[in-house]
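Colleague: First, the structure itself, so that you have it in front of you.
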Amino acid sequence: MARERPKPAQTKKAKPHRGGISKAATLRRGSRITPAENPPQQKRRSRRLQGLDPTQTTLECIRQTKTSKQPREGEASLRPISQEDEAIRDAILAIVKNDYIDCWRKTGTWPSEEPDTDRLRELINEEASPYNNERSQATQEETESSTSRTQKHGAYKNPLILRQMKDSGSFMHDHELGITAESERLCQRLLKEPQPAPQHTLFSDDALFKKTCSRIEGENETRVVRDISQFIVPSAEILADKGAKHLAVLRETTNACWTNSVPFANSRFGPRPQPDFGLGFDRYAFDPERLRKLDPLLGNLMNERTFYTATSQMYFPFLTSGVKCGHDGLEVADRQNAYAQSIVLRGLHSLFKLVGRESELHREINGFSISHNDCEVRIYGHYAVINGNDVKFYRCLISAFSFVPSAEGDQRWKAYNFVKNVYDLWLPEHFERICSVIDMLPDNLEFDVSEQDLAMPNRQPSI
1 MARERPKPAQ
11 TKKAKPHRGG
21 ISKAATLRRG
31 SRITPAENPP
41 QQKRRSRRLQ
51 GLDPTQTTLE
61 CIRQTKTSKQ
71 PREGEASLRP
81 ISQEDEAIRD
91 AILAIVKNDY
101 IDCWRKTGTW
111 PSEEPDTDRL
121 RELINEEASP
131 YNNERSQATQ
141 EETESSTSRT
151 QKHGAYKNPL
161 ILRQMKDSGS
171 FMHDHELGIT
181 AESERLCQRL
191 LKEPQPAPQH
201 TLFSDDALFK
211 KTCSRIEGEN
221 ETRVVRDISQ
231 FIVPSAEILA
241 DKGAKHLAVL
251 RETTNACWTN
261 SVPFANSRFG
271 PRPQPDFGLG
281 FDRYAFDPER
291 LRKLDPLLGN
301 LMNERTFYTA
311 TSQMYFPFLT
321 SGVKCGHDGL
331 EVADRQNAYA
341 QSIVLRGLHS
351 LFKLVGRESE
361 LHREINGFSI
371 SHNDCEVRIY
381 GHYAVINGND
391 VKFYRCLISA
401 FSFVPSAEGD
411 QRWKAYNFVK
421 NVYDLWLPEH
431 FERICSVIDM
441 LPDNLEFDVS
451 EQDLAMPNRQ
461 PSI
């Protein structure tokens with residue numbers, strides 16, 4: 001009897017689950033379907049993926065931000081993070097996911113993933129381990145001061161920085177009482193006092209000035225800094241080298257992170273300033289006796305941060321400048337400057353309070369900032385409003401104008417003259433007042449300069 005041949009097994013077509021991905025169509029992670037293989041299936045798969053949880057796809061995208069591809073221009077790249085920072089990264093991921101859920105509850109929609117991905121890159125890249133005092137100062141400056149101009153203002157693009165600043169007592173507007181009458185007179189004097197214009201520059205000759213303004217229109221930030229920033233905010237150190245002896249006490253930073261400053265916002269991941277131009281006093285502007293009195297307040301500048309220093313060589317900063325491209329970029333520069341000036345005023349208030357002279361700072365301008373792009377300039381004065389132990393920081397607009405040729409008149413040297421007048425008319429008295437406060441510090445001052453102490457705004461050294 002002939003044996004029956006076994007019938008070949010029939011393959012059953014997998015029925016796709018409604019609203020899901022069929023077993024037969026399930027792909028191993030990382031595999032791809034080319035358009036030539038199965039276009040209808042690929043389209044169906046794309047439509048199904050749109051129904052997945054956006055937080056899951058976004059978080060997966062964030063975890064894979066570091067790829068082998070070269071980053072595009074203007075996109076921040078991740079530095080490798082150590083195992084010690086894994087917990088910090090995971091905590092940030094959890095925060096981002098919670099933000100997505102909060103956004104859904106409030107608006108009924110999911111936020112776009114790109115801004116939050118960029119924000120996470122910024123947090124991990126710049127602040128992976130901000131309070132690791134075991135790192136040397138040289139390592140800090142190598143990693144933090146080299147932050148690109150594109151990366152450094154990532155935190156300031158996020159509107160959340162305004163809320164953080166307000167929560168910490170810093171406001172990007174005038175107080176209802178404004179500045180004192182004396183400060184108002186000071187601003188007018190700084191604007192109107194004439195200064196000799198430098199010769200043989202891109203701004204000196206009218207025809208060359210017009211060509212320069214036309215050439216840099218729409219150019220990037222680096223080009224604007226190279227070609228015109230020196231005529232908006234002149235270098236105090238160069239002026240000192242040319243004979244301005246009263247400016248020899250100053251120290252500049254150019255696109256350098258203020259690694260010795262304590263972040264202002266009440267957040268572990270609050271940014272540290274990195275202005276395009278910063279100006280304060282050189283360490284050796286103070287004689288040995290004053291440095292001895294300051295030492296308890298400064299601690300070890302190799303691995304500690306204080307209210308009074310921007311870097312290990314620049315003390316008590318007072319002027320910052322931010323350069324951005326386009327009109328919208330000026331808002332980012334304004335935020336950077338306001339944040340940095342809050343740190344400036346906080347340090348000054350802390351010093352004056354040690355000797356009971358903090359009332360001298362009330363509603364008086366004690367810091368200046370300048371924001372500019374390829375055609376516009378904004379000049380601000382920054383001041384503290386003091387009510388007992390409650391201290392808030394505000395700014396006032398001193399002047400906003402366009403320096404390019406126009407029918408409104410020639411204003412190419414307006415910012416330059418203002419800054420020169422700050423150097424010549426305001427600075428000497430400001431320096432003398434700081435020195436007089438240092439002279440009043442007691443010899444038996446005891447102060448533990450630690451991050452825990454500095455994070456508490458009302459904590460003061462004991463005598």
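Using UniProt numbering, the letters of the sequence shown correspond one by one to residues 1 to 463.
A virtual CB, placed ideally from N, CA and C, is assigned to each residue, including glycine.
In angstroms with no decimal places, state the Cα-to-Cα distance between Ala415 and Ala207.
Modeller: Distance between the alpha carbons of Ala415 and Ala207: 20 Å.
Colleague: For Asn303, does the three-state DSSP call read helix, strand or coil?
Modeller: Three-state DSSP puts Asn303 in coil, outside helix and strand.
Colleague: When DSSP labels each residue in this structure, what does Arg357 get in the three-state scheme?
Modeller: Three-state result, Arg357: coil.
Colleague: Would you kindly check if the distance between the Cβ of Glu221 and the Cβ of Cys325 is under 8 Å?
Modeller: Yes, these two residues count as a Cβ contact at 8 Å.
Colleague: Does DSSP classify residue 467 as helix, strand or coil?
Modeller: Since the first and last residues shown for the chain are 1 and 463, residue 467 lies out of range.
Colleague: Taking DSSP as the reference, what is the three-state secondary structure of residue 467?
Modeller: Nothing can be reported for residue 467, as the shown portion of the chain is limited to 1 through 463.
Colleague: Between which residues of its own chain and Asp390 is the CB-CB distance below 7 Å, once the five residues before and five after are set aside?
Modeller: Answer for Asp390: no residue qualifies.
Colleague: Among Phe352, Ser359 and Ala407, which has the Cα closest to the Cα of Met440?
Modeller: The residue with the shortest Cα to Cα distance from Met440 is Phe352.
Colleague: Exposed or buried, which one is Pro442 when buried takes at least 16 other CB atoms within 10 Å?
Modeller: Counting Cβ neighbours within 10 Å, Pro442 comes out exposed, since fewer than 16 surround it.
Colleague: Opposite Phe393 in the DSSP bridges: which residues?
Modeller: DSSP lists Ser170 and Ala384 as partners of Phe393.
Colleague: Closer than 8 Å is the cut-off here; do at least three beta carbon pairs connect the region 285 to 296 with the region 402 to 416?
Modeller: No: fewer than three Cβ pairs fall under 8 Å.
Colleague: What residue ranges within the region 288 to 348 form continuous alpha helix (DSSP H) runs of no fewer than 4 residues, ordered along the chain?
Modeller: List check, alpha helix (DSSP H) in window: 288 to 298.
Colleague: Taking Val385 as the reference, give the member of Gln164, Gly154, Cys435 and Gly169 with the closest Cα.
Modeller: The shortest C-alpha separation from Val385 is found at Gly169.
Colleague: Measuring alpha carbon to alpha carbon, tell me which residue in Asp167, Arg412, Leu319 and Ser342 is nearest Asp276.
Modeller: Of Asp167, Arg412, Leu319 and Ser342, the residue nearest in Cα terms is Leu319.
Colleague: Is it buried or exposed, Ile343, if we count other Cβ atoms within 10 angstroms and call 16 or more buried?
Modeller: Label assigned to Ile343: buried.
Colleague: Trp258 and Thr306: beta carbons closer than 8 Å?
Modeller: The answer is no: Cβ separation not under 8 Å.
Colleague: Less than 7 Å between C-beta atoms, sequence neighbours within five positions excluded: which residues of the same chain meet that for Ser146?
Modeller: At Ser146 the pLDDT is 42, less than 50, meaning the model places this residue with poor confidence and gives no usable figure here.
Colleague: Within the continuous beta strand (DSSP E) that includes Gly280, where are the two ends?
Modeller: Per DSSP, Gly280 belongs to the beta strand (DSSP E) from Phe277 to Asp282.
Colleague: Let me know the secondary structure DSSP gives Ala197 once reduced to three states.
Modeller: Here Ala197 sits in coil by DSSP.
Colleague: Per DSSP, what kind of secondary structure is Ala407 in: helix, strand or coil?
Modeller: Ala407 falls in the coil class under three-state DSSP.
Colleague: State the Cα-Cα distance for the pair residue 472 and Leu279, rounded to the nearest angstrom.
Modeller: Any property of residue 472 remains undetermined from this structure, which presents the chain solely from 1 to 463.
Colleague: In the DSSP assignment, find the alpha helix (DSSP H) that holds His362 and state where it starts and stops.
Modeller: That residue, His362, is in no alpha helix (DSSP H); it is neither H nor E in DSSP.
Colleague: Closer than 7 Å to a non-hydrogen atom of the ligand SAH - does that hold for the CB of Ser235?
Modeller: Questions concerning the ligand SAH fall outside what the structure shown contains, since it holds no ligand whatsoever.
Colleague: By Cβ distance below 6 Å, which residues in the same chain neighbour Asp334 in space, the five residues on each side in sequence not counted?
Modeller: Ser371.
Colleague: Tell me whether Asn366 sits in a helix, a strand or coil according to DSSP, three-state version.
Modeller: Strand.
Colleague: Quick one: what's got a C-beta closer than 7 Å to Asn260's C-beta in the same chain, skipping five residues either side?
Modeller: Counting only Cβ-Cβ distances below 7 Å, and skipping sequence neighbours, we find Leu301, Arg305, Thr306, Thr309, Ala310, Thr311 and Ser312.
Colleague: Ignore the nearest five residues each way along the sequence and tell me which others in Val355's own chain have a CB closer than 6 Å to its CB.
Modeller: Within the same chain, Val355 has close Cβ partners Val437 and Met440.
Colleague: Near Val249, which residues of its chain fall below 7 Å by C-beta distance, leaving aside the five closest residues on each side in sequence?
Modeller: Here the set comprises Phe281, Asp282, Ala285 and Phe431.
Colleague: Please report the distance separating the alpha-carbon of Phe203 from that of Glu217.
Modeller: One C-alpha to the other measures close to 15 Å.
Colleague: So what's Leu160 in DSSP terms, helix, strand or just coil?
Modeller: The answer is helix: DSSP assigns Leu160 an H, G or I state.
Colleague: In the DSSP output, what is Thr253 paired with across the bridge?
Modeller: Gly278, per the DSSP bridge assignment.
Colleague: Consult DSSP for His175 and reduce its assignment to one of helix, strand or coil.
Modeller: DSSP places His175 in coil when its eight states are reduced to three.
Colleague: Would you list the residues sitting across from Ala400 in a DSSP beta bridge?
Modeller: Arg378.
Colleague: Which stretch, first to last residue, makes up the alpha helix (DSSP H) that contains Phe231?
Modeller: Phe231 -> alpha helix (DSSP H) spans Ser229 to Ile232.
Colleague: With 16 other CB atoms within 10 Å as the buried threshold, where does Gln274 fall?
Modeller: The residue is buried, with at least 16 neighbouring Cβ atoms inside 10 Å.
Colleague: Hey, quick one: how far does the alpha helix (DSSP H) through Thr212 stretch, first residue to last?
Modeller: Taken as a continuous stretch (DSSP letters only), the alpha helix (DSSP H) holding Thr212 covers Asp206 to Ile216.
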